[in-house]
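Visitor: Protein chains in written order, with this note's numbering: chain A, 68 to 331; chain B, 8 to 392.
From the three backbone atoms N, C-alpha and C, an ideal C-beta is built for every residue, glycine too.
1. As a quick exercise: from B:325, B:125, B:126 and B:105, pick the residue whose alpha carbon is nearest that of residue 118 of chain B.
2. Mind pulling the chain B residues with CB within less than 7 Å of residue 224 of chain A?
3. Count Cβ pairs between the region 90-99 of chain B and the region 296-309 of chain B that sit closer than 8 Å; are there 3 or more?
4. What whole-angstrom Cβ distance do residue 251 of chain A and residue 72 of chain B have, given they're in contact under 8 Å?
5. Residues of chain B with CB closer than 8 Å to the CB of residue 245 of chain A, please, in chain order.
6. What is the rounded straight-line gap between the Cα of residue 116 of chain A and the Cα of residue 139 of chain A?
7. Closer than 9 Å, CB to CB, is residue 364 of chain B near chain A or not?
8. Along the chain, which unbroken stretches of the alpha helix (DSSP H) at least 4 residues long are found entirely within the region 120-185 of chain B?
9. Going by DSSP, name the residue or residues bridged to residue 262 of chain A.
10. Using beta-carbon positions only, say whether residue 210 of chain A and residue 92 of chain A come within less than 9 Å of one another.
11. Residues of the region 87-104 of chain B in Cβ contact with chain A at a cutoff of 8 Å, in chain order, please.
12. Would DSSP call residue 81 of chain A helix, strand or coil?
13. Could you check the C-alpha separation between residue 269 of chain B and residue 287 of chain B for me, to the nearest Å?
14. I'd like to know whether the C-beta of residue 314 of chain B is nearer than 9 Å to at least one C-beta of chain A.
15. Assuming residue 67 of chain B is part of the beta strand (DSSP E), what are its boundary residues?
16. Which runs of the alpha helix (DSSP H) spanning at least 4 residues fall entirely within the region 281-321 of chain A, listed in chain order?
17. Got a sec, what are the start and stop residues for the beta strand (DSSP E) residue 203 of chain B sits in?
18. With a 10 Å radius around its C-beta and 16 neighbouring C-beta atoms as the bar for buried, classify residue 186 of chain A as buried or exposed.
19. Provide the residue(s) that pair with residue 297 of chain B in DSSP beta bridges, ordered along the chain.
20. Helix, strand or coil for residue 191 of chain A, going by three-state DSSP, please let me know.
21. Here's a check: name, in chain order, each residue in its chain whose Cβ is nearer than 6 Å to the Cβ of residue 315 of chain A, leaving out the five neighbours to either side.
22. Tell me the residue span of the beta strand (DSSP E) that contains residue 110 of chain A.
23. Select from B:277, B:188 and B:313 the residue whose C-alpha is nearest the C-alpha of residue 291 of chain A.
24. Would residue 208 of chain A and residue 267 of chain A qualify as a contact pair, given that the criterion is a beta-carbon distance under 9 Å?
25. Can residue 163 of chain B and residue 216 of chain B be called in contact, C-beta distance under 9 Å?
26. Which of helix, strand or coil does DSSP assign to residue 107 of chain B?
27. Measure from the C-beta of residue 301 of chain A to each C-beta in chain B and report whether the shortest distance is under 9 Å.
28. So, with DSSP's three-state summary, where would you put residue 344 of chain B?
29. Compare the C-beta of residue 176 of chain B with all C-beta atoms of chain A and state if any pair is closer than 9 Å.
30. Tell me whether residue 223 of chain A is buried or exposed, calling it buried when 16 or more other Cβ atoms sit within 10 Å of its Cβ.
31. Around the Cβ of residue 116 of chain B, are there at least 16 other Cβ atoms within 10 angstroms (buried) or fewer (exposed)?
32. Any heavy atom of the ligand ZN closer than 8 Å to the beta-carbon of residue 75 of chain B?
33. So which residues of chain B does residue 290 of chain A contact, with C-beta pairs closer than 8 Å?
34. List the residues of chain B whose Cβ lies closer than 9 Å to the Cβ of residue 234 of chain A, in chain order.
35. Taking all protein chains shown into account, do 16 or more other C-beta atoms lie within 10 angstroms of the C-beta of residue 215 of chain A, making it buried, or fewer, making it exposed?
36. Which one or two residues does DSSP pair with residue 316 of chain B in a beta bridge?
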C-alpha cells in the first residue's frame with residue numbers, strides 16, 4: 068500500500084535529441100492520462116503545457132540522446148534536480164537512430180549537409196543518457212509502449228518494481244498466438260534477440276521484428292545472424308538489420324561490427 | 008470423464024464429416040479444428056468441412072515449417088502445428104482475481120469467467136498424451152488448479168490418428184503415437200482411410216459421450232478389412248517417424264552428464280528466446296503479476312506463460328539462479344526428460360517435435376540427447392550447424 072503523501076509527486080518530462088514520439092506516448096495515454104494527472108503534478112512538460120514549476124522533481128522522464136556539448140552539461144543539471152530519473156525510448160536508452168553517426172565521421176556529414184558547417188557544434192557520438200548520469204530505470208522502445216510507461220509511473224507511485232519484462236519478443240508472439248514468421252515464412256526476424264514490450268506487433272502482421280525495443284536480456288546475436296544468413300540475408304543486410312533505432316546498444320553494435328568487411 | 012473400453016467401431020464415409028461437425032456444433036459452445044492461419048495449421052473455430060485444410064501437407068525441419076497444397080483428398084494429411092491444447096486448458100494470459108480497496112478493507116473477486124464446452128476435432132495422439140501429462144501437473148499432487156480443471160472438464164475430444172508423420176515426429180519412440188494408445192481419455196477417435204475407391208473414417212468411441220455422439224452420425228458397418236487397413240497404416244506410420252529418441256536409461260544419462268561439454272555447444276546456438284517452451288504442449292511454467300490502479304483503489308493478479316529460458320524466471324533474493332544460457336537449456340532438457348519422471352512419474356516429452364520445428368535455429372532435442380548418450384547422430388542440414 069502506498070504511503071500517505073502530503074502532496075502529489077512532481078513529474079517532469081525532458082527532451083534531448085529525439086523525435087518527441089516517446090513524450091507523445093504520454094499524451095497518447097488518453098484515459099490513463101487523466102488518472103496519471105490525478106496522482107502526479109505535471110511540473111515540467113513543455114510539449115503539453117506552458118506551466119512550469121521549479122524543481123526539484125520527484126520523477127523525471129528523459130527522452131532523447133546526448134549529441135551536443137550543451138546537452139552533455141544539461142543532463143547533469145536535470146539529474147541533480149531529479150529524485151528518480153527514468154529514460155524513455157531508444158534515443159535515451161541507446162542513442163537512437165541518430166547513433167548511426169557513431170559508425171561514421173560526423174565532421175564529414177556536417178560538411179556535406181550544412182552550407183556553413185563551422186556553426187554546428189556537435190559531439191562525435193550520439194549516446195544514451197546512462198552513459199552520462201545514473202539512471203534509475205530505462206524504458207525501451209521506438210517509440211515506447213504507453214502501457215509500459217503507465218506501468219512505470221504506476222509502479223513508482225506504489226513503490227513496487229515495474230512489470231517490464233526483459234525476455235524476447237518471441238514470448239509475446241506465442242502468448243498472443245502468432246505463428247513464428249521466421250519458421251513458417253522464412254522471414255528474418257529480430258524477435259529472438261529483441262526485448263519484449265511492443266506486444267509482438269510486426270510479426271502479428273507477418274513482418275519480421277525490427278528490434279525497436281533493443282537487445283533482450285541475454286541476446287545471442289551470432290546465432291540469430293547465422294539463422295538470418297541461412298534464410299538468404301547477406302552480410303550487408305545483417306549489418307543493416309542491427310543498425311536501426313538501437314544501433315548503438317552494446318549487443319547490436321558488436322554484432323553489426325562483427326559483420327563489417329574489415330572484421331572478417 | 009470415466010475411461011471406458013472402446014465399445015464401438017464404425018465407418019464414416021468422408022461425405023459424413025460435415026454431419027460430425029454439425030453434431031458437434033449442436034452440442035458444444037464452440038468447435039475447434041485444424042485451420043490454416045498465418046501460414047500454419049492452428050486450432051481455430053470451424054463450422055464446415057470447407058474450413059479444414061483439405062489436401063494441405065506440412066513440411067517440418069529444425070527451424071523450418073512450410074505448408075503446401077497437395078493433390079490428395081485427405082482432410083488430415085498433416086501433423087501438429089505450433090498450437091497445442093495447452094492454450095485451451097491453460098490460457099497464455101489469465102486474470103485470476105481482482106481486489107477492490109475501501110479504506111483498510113479489501114474485497115476479492117474471482118475473475119476467471121466460466122468457460123463453455125469445447126469440442127476439438129483433429130486432436131493427435133501426442134496431444135492426448137500431453138494432456139495426460141498436464142493432468143498430472145495441474146490436477147495431481149493434491150494441488151488442483153481450478154482454472155485448468157474447469158476448462159479441462161468441458162472438452163469433447165475427437166482424436167485423429169497420424170498416418171503420415173512429419174520429419175520432426177518421434178511419438179513412436181515415446182510410446183504416445185501414431186495411433187491413439189493411452190494418453191488422456193478421448194471421446195471419439197478417427198482414422199482416415201483412403202483406398203479401394205473409398206474415402207472415409209474408421210470411428211471408435213472412447214467414452215459414453217462419444218458413444219452417444221456416434222449414434223447421431225451417418226455411420227456404416229466397419230468390416231474387418233478396414234480394421235486391418237488401419238493397423239497396416241499405423242504400422243507403416245510408426246516406421247516413417249522422422250526422428251527417434253532412445254528413452255532407455257535416459258534419466259540416468261542426463262543426471263550423469265551435468266558437466267558434459269555438449270551443453271556449451273548447444274548454448275552457442277541457443278537464442279534463449281523461449282520458443283521451445285512456449286510451443287511445448289507440456290511446459291507449464293507461469294509467472295503471476297500484480298496490476299494496480301494508478302490511485303491504488305484496486306489491483307488484479309494475472310497469470311502469464313513464463314519460461315525457464317527467461318532470466319527473471321529464476322530471480323530470487325541475491326540474483327538469478329541460472330544466469331548462463333547453458334544452464335537454462337540443460338535445466339529445460341533435464342527436467343523434460345529426466346527429473347520430470349521423479350516429479351510426476353512420467354516423462355515430460357511426448358515426441359510431438361514442436362520444439363524442433365519451432366526453434367528458430369533448429370536445436371533438436373533428439374539429437375542433443377543422442378550426443379549425451381554417445382550415439383552417432385544423423386546429420387540433416389539445418390538441424391546441425
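Guide: Checking against the coordinates, here is how it stands:
1. B:105
2. 301
3. no
4. 5 Å
5. 45
6. 25 Å
7. yes
8. 132-146, 153-159 and 178-181
9. A:235
10. yes
11. 88, 89, 90, 94, 99 and 100
12. strand
13. 22 Å
14. yes
15. 63-68
16. 288-297 and 302-309
17. That residue, residue 203 of chain B, is in no beta strand (DSSP E); it is neither H nor E in DSSP.
18. exposed
19. B:308
20. coil
21. 161, 162, 166 and 169
22. 108-111
23. B:277
24. no
25. yes
26. strand
27. no
28. helix
29. no
30. buried
31. exposed
32. The ligand ZN is absent from the structure shown, which contains no ligand whatsoever.
33. 275, 276, 277, 278 and 368
34. 279, 280, 281, 313, 314, 316, 317, 318, 319 and 320
35. buried
36. DSSP lists no partner for residue 316 of chain B.
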